[in-house]
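Worksheet for the structure shown next.
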């Protein structure tokens, strides 16, 4: 089993986005869990192989990129 962890400061908005996203991808090869504690969002990614791990990490970072761009646009 392969695992990776991402931590980012979050006021709760990014956490809400991840809660509504599908986290198991319809198979047993990979997935992720999210936890928010003391303003830090922790995303724990797990996978059976490196290809599945890369796929989930790409999905997670794409969600984060959309959130950052949207937040930036709303602030302007």
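In this note's numbering, the protein residues as written are 69 to 144.
Where a beta carbon is used, it is the ideal one built from N, C-alpha and C, also for glycine.
Keep in mind the model is a prediction, meaning the values are calculated, not measured.
**Study point:** Within the stretch 77-125, ranges of the alpha helix (DSSP H) (whole runs, at least 4 residues)
**Key:** 81-88
Open item on the list: Please identify the residue among 139, 134 and 122 whose C-alpha is closest to the C-alpha of residue 99.
Closed with: 122
> What distance in whole Å lies between the Cβ atoms of residue 76 and residue 104, which are believed to be in contact at a cut-off of 8 Å?
Replying inline: About 10 Å separates the two Cβ atoms, so there is no contact after all.
For residue 135 versus residue 85, is the C-beta distance shorter than 7 Å? yes
Checklist entry - Just the Cα atoms here: how many angstroms apart are residue 95 and residue 107? => result 31 Å
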